[in-house]
Structures are given as structure tokens and as C-alpha cells.
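The numbering used here applies: residue 17 is where the sequence shown begins, and numbers increase by one. Virtual Cβ for every residue (Gly too), placed ideally from N, Cα, C. Below is one structure, written out as C-alpha cells, with a few remarks after it.
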Amino acid sequence: MRLSLPHHHVLQVSAAFVAACGALACTPQQVFIEKPCPPVEYPVVNAPLPAVSPSDAAAHRTLDLHLAPTRDDAGQIAAIDVTMRFSVPPVDFGETNPIVLHFASRSATAAMADRIEDLAARDSEGSLALRRVAAAESSKPGAIEWRSERRARGPVTVNYRFELPPADAAPDEFATSAAGILGIGRALFLLPSTTESHTIRIRWDLQALGSDARGFSTFGTEEAVVEEPPSALEGAIWAAGSLHAIAIISTPANTPPGVRFRWITLGKSPFDVLDVAPWANRAWLSARTVASDNPELQFDLFVRPTGKTGQRFDVGVFGRSAIATVDNESTFGWPEKLSVTRAFIRSARGPNLMNVRWFDEGFATYNALETLRRSSLASPADIASELAKRAERYFASPWLRTALATLEAKGNTTAIEHADDRGMLYAAELDAKIRASSSGKRSLEDFLRMVAQQTPTDAASGPQSTGVGATTFRTLLEKELGAEAVSRFADVIEKASATVNIPDDAFGPCFKKVKKKIQREEGESKKRESVDGFTWSLVPKLPPSCANATSTPQVGGLQKTP
């Protein structure tokens with residue numbers, strides 16, 4: 017294991033730390049606290065980008081992306097100057113249509129679009145006028161669109177300034193703070209709909225943010241080169257400012273080199289990153305293979321402190337990255353660990369595989385609990401408490417007997433919670449049935465891999481844009497377990513005419529299912545009744561294998577010295 021700290025600090029790693037990490041993760045780890053890059057001599061912001069020779073342009077497409085955050089007179093980060101230089105017009109091969117640029121933010125309102133200022137484009141013939149089209153004319157639903165007045169010829173350069181919303185009014189997609197900026201690409205970029213792959217060269221100009229400022233994205237640090245269509249920029253995470261990163265390099269058996277987990281914090285973290293990042297790395301290593309035959313080799317967890325008093329800890333998944341939004345009083349206890357592990361699971365199989373909560377959240381919660389249980393990254397007490405909470409909440413819910421279509425239309429907190437619980441407990445039942453039917457040769461994870469393989473792909477947005485439909489899910493379920501399983505799925509999930517039934521030993525030897533009468537109110541009628549349900553508890557005498565598990569594994573041996 018090797019560590020390095022910025023500035024003049026050195027970390028010493030004891031043998032105890034190495035041994036603990038190896039035992040808990042079952043794989044060696046190398047931890048790097050990444051140093052700021054050496055000073056870069058930036059060109060003048062308005063200088064023309066280097067020309068691309070005709071032979072190079074003909075051989076392949078390139079996109080030079082230049083990002084320059086700016087400050088206002090009060091010293092606040094106020095805008096980002098964006099320059100995109102395409103070696104050829106950004107349309108699909110063989111097309112002669114005018115250029116179309118989309119702003120695909122989930123908050124793509126007229127007010128947000130008005131923050132795009134000084135938009136201009138040029139090609140080999142000179143100025144290329146761009147016209148903002150009416151929403152009804154947009155070729156991409158929900159997006160705001162600009163079109164060129166004529167067909168573009170030769171290299172095309174697009175410039176604009178994106179005025180950042182105030183820190184207290186910014187959407188969750190893109191936020192600013194005194195420490196810097198962090199957000200998702202769809203809230204920043206105007207991008208063409210071409211599906212052609214480009215060599216994308218990314219460059220940050222951070223002069224306005226100070227000498228210690230850093231730039232990161234899902235694709236790498238200040239300067240990165242990737243082979244992707246321009247649409248890939250939409251789903252990437254972008255950050256600049258006072259960033260602190262820890263990279264953990266692991267070498268799992270039978271895995272190509274380059275397995276890397278990175279924890280990146282914008283500003284000051286409310287918890288000790290040197291404690292939680294190694295734990296998060298182990299959880300990611302355990303979760304990454306759950307629903308994918310070809311798991312990602314790298315993952316970035318960006319942490320964005322809000323600077324507000326409170327305990328908010330929300331995690332959003334964006335491809336092979338995630339953003340955790342945290343308040344000043346946030347801790348990294350059991351709820352946060354479950355939330356982070358669930359994000360790892362959703363990333364591994366696709367964040368919105370079916371675009372329905374009972375599956376995307378419910379199944380992910382079950383997989384996360386199983387991941388933490390099997391890898392001994394959570395205490396049995398924490399897992400038992402979570403199982404009991406969700407089982408009792410499921411039976412007590414006013415929506416226990418509400419059909420799925422009605423439940424999804426409600427949208428209130430209790431309905432959302434019940435959809436999650438219904439899916440999570442059904443996942444436990446389904447996993448047990450698959451294991452029993454196959455004599456232990458298959459599990460829910462194998463079934464989920466089949467589901468993930470059916471994911472439809474949108475050329476511009478990539479996988480998971482539309483989700484696997486319920487019909488496909490039923491077809492795969494019948495293939496796995498037969499027609500009776502499809503009928504059971506309809507009764508428990510869709511019609512809610514039956515409740516879940518989980519075997520007593522579904523969660524291993526540490527936990528015991530306990531029958532329990534649970535009081536509930538029926539939907540909007542408020543009629544009270546007692547239902548036959550169950551809860552979970554720890555077994556009276558924990559086996560040694562249970563007692564050895566801990567929610568805060570000791571990785572000790574880290575010491576800061578001058």
C-alpha cells in the first residue's frame with residue numbers, strides 16, 4: 017500500500033493496516049491521497065484552439081472541450097466559459113442537415129436556458145448562426161434546442177458562457193459553493209445528437225479559482241482524453257475548486273489491472289474521509305459484480321457538502337459515478353452505509369433498470385443488505401434492525417393491499433416507502449425460490465444479469481434510458497421458475513392480493529423470523545385492522561461467524577506525521 021498527501025504531509029501505514037485491509041477486502045489495496053497537479057501554463061482563454069489537419073479530420077473525429085470557471089466582482093464563482101471545437105460538423109456520417117444542439121437538464125426550463133449567454137458558433141465559412149427553437153419543435157422531448165441556420169462545413173467551434181444559479185437556488189443537478197462547483201454534465205453542456213465516436217480532449221482552465229484549485233470529471237483529472245460520442249458528456253460528473261481526492265487501487269483475483277475507487281470531496285467533509293473511503297472501497301468491490309458479468313473497473317464517489325445545518329445524506333447515481341449531497345451534521349453510520357452500497361448496486365446493474373421503484377430501489381436495497389451481510393461490512397444488529405423496520409412497515413402500510421398501478425400514482429412518502437419495501441421483501445422471497453429450485457446453483461444475482469442483458473439502449477442517452485418492461489420481466493421469470501412464479505409475481509407485486517412469504521433462514525444463521533400481529537390502517541378509509549405479519553431479530557446466541565462482523569471494521573495504523 018502506498019499513500020501520498022498534498023503539501024508537506026506524509027502518511028505512515030502500519031503492518032496492521034495492510035493486514036486489516038487485505039483480510040476485510042480479500043484483496044490488496046493501494047491508497048493514494050492525490051497531490052494537486054504541478055502548475056500548468058494555460059493559454060490565453062480567447063486564443064484560437066490548434067488547427068486540425070485535413071488528413072487528421074478525415075481519419076477520425078475529435079472534440080476539444082475547454083472549461084474555464086470565472087468569478088464575479090464579489091469574488092464568487094459565477095459562470096463557466098465553455099468552448100467546444102469539433103474537427104468536422106457534429107452530425108452523423110453522411111448527413112447534411114444543420115447542426116442541432118440540445119440542453120437536456122432535468123431542469124431545462126426557459127429560465128435555465130436563459131443562463132446560456134454569448135452563444136456563438138463558427139465553421140470554415142465564418143459565423144454560423146444558431147437559433148433557439150420553440151419547445152414544440154424540439155426533436156428531443158424535454159430538451160431545449162438550438163439549430164444552425166445553415167449546414168456547417170469544416171471544423172466547427174461553439175462558445176458560450178453558462179451563468180451559474182445562486183448557491184441557494186441551484187438545482188440538485190449543478191451546485192455552487194464557496195469551495196467550487198460540482199454537477200452533472202446535462203446541466204452544463206449544449207451537445208449535438210450525433211452518435212459518432214469522437215476523441216474528446218478535456219482541458220480545464222482554473223486560473224480564476226486560484227493556484228490550489230483542481231478540476232475533475234468522471235473521465236479523469238484536469239486534462240483527460242476519452243473515446244466517446246459527445247452525448248457521453250451529459251451523464252458525466254464535473255467538479256472544480258477546492259477538491260480533495262483519495263484513490264484506492266485494488267487487485268482482485270482474476271481481474272484486469274486498473275481497478276480503482278476514488279472518493280472526491282468538494283470543500284470540507286463532515287466526516288473523516290481516511291476512515292470512510294477504505295470502507296466504501298470494500299463495499300464497492302463487493303457490490304460491483306452483483307448484477308454484471310463485466311463490472312466496471314473504476315468508480316468515482318463525489319461528495320458535495322451543502323454547508324447547511326442538518327443530517328441530509330442523499331446519493332444520486334450517474335453511470336459509474338455517484339454524487340453524495342451531505343449536510344454539516346451528517347455522519348457515516350448505518351443509514352449512510354446502506355445508501356452508499358445501494359448506489360454501488362444500482363450503478364453495477366444500471367441505475368434505472370426498469371424505471372419503477374419496487375425494482376430499482378427495492379431490489380437494490382435487498383442486494384445491498386446481502387452484500388454487506390456476506391462481506392461482514394455491517395454488524396448483524398444493524399442488518400436485523402433494517403430487516404425488522406422494513407418488514408413491520410410493509411405490513412403496517414395503508415397501501416398493503418393497493419394495486420401497483422394505484423400505488424405508483426400516489427407519489428406520497430408512505431406510498432414510495434411501501435413500493436420500496438414491497439420490492440425489497442419480494443426480492444428476498446424470489447432469491448430463496450431461485451436458490452431452492454436450482455439446488456443452490458443459481459441465485460437472484462444470476463437472474464438480474466439476465467434482466468440487465470435486456471436493457472434497451474437509446475443511441476443518444478445510452479443504456480437505461482427507457483428501462484426493461486414488466487412484460488420482459490415476466491418472460492424471464494417464467495423461464496427461470498415457471499408459470500407459477502409469474503402468477504405469484506402478479507399477486508404480490510402487481511395486484512397486492514397476497515403478501516410476501518420469506519423462508520425463516522433466508523438471511524442466514526444470524527437472524528430469526530418472528531411471527532407478529534401488526535396493526536394497520538387501510539388506505540384512505542382509515543379502517544384499522546390487525547394483520548398476520550412477521551419481523552426479524554437476532555438469534556439469541558450469535559454464532560462466532562456473526563459475532564465477528566462489524567459495521568465499522570478497524571483499518572487502523574494510519575498516522576499523520578510532519
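- The alpha-carbon of A444 is positioned some 25 Å away from that of A425.
- Sixteen is the threshold: since fewer than 16 other Cβ atoms of the shown chains lie within 10 Å of the Cβ of P272, the residue is exposed.
- Taking C-beta separations shorter than 8 Å and ignoring five residues to either side along the sequence, the partners of E494 in its chain run A501, V502, following chain order.
- Per the C-alpha coordinates, the member of T305, F523, I339, N368 positioned closest to A191 is I339.
- Beta-bridge analysis with DSSP links M100 to L81, V174.
- Apart from sequence neighbours up to five positions away, the residues of its chain that approach D309 with a beta-carbon distance below 8 Å are R465, ordered along the chain.
- L313: not part of any beta strand (DSSP E); DSSP gives it neither H nor E.
- Nearest C-alpha to H118 among M128, D548, R490: M128.
- Collapsing the DSSP output to three states places I450 in a helix.
- Rounded to the nearest angstrom, the Cβ distance from G274 to L313 is 5 Å, consistent with a contact under 8 Å.
- The C-alpha of I218 is placed about 49 Å away from the C-alpha of S561.
- Runs of the beta strand (DSSP E) lying entirely within the stretch 187-219, each at least 3 residues long, are 190-193, 196-200 in chain order.
- Beta-bridge partners assigned by DSSP to V331: A340.
- Contact annotation: D88 and R177 have beta-carbon atoms that are not nearer than 8 Å.
- Taking 8 Å as the cut-off, the beta carbon of V333 is found no closer than this to the beta carbon of E461.
- When DSSP states are grouped into helix, strand and coil, P559 belongs to the coil group.
- Of L249, V174, A224, L317, the smallest CA-CA separation from S121 is found for L249.
- Scanning its chain for C-beta atoms nearer than 7 Å, with the 5 sequence neighbours on each side dropped, one finds around A380 the residues R358, I361, R362, in chain order.
- Checking the DSSP bridge columns, you'll see D139 partnered with G142.
- In this structure S413 does not touch R504 by the C-beta definition: roughly 20 Å separates them, more than the 8 Å allowed.
- If you ignore the 5 residues before and after G549, its C-beta comes within less than 6 Å of the C-beta of F411, K532, I534, all in its own chain and listed in chain order.
- The straight-line gap separating the alpha-carbon atoms of Y442 and W220 is approximately 47 Å.
- Burial check for N113: the Cβ neighbour count within 10 Å stays below 16, so the residue is exposed.
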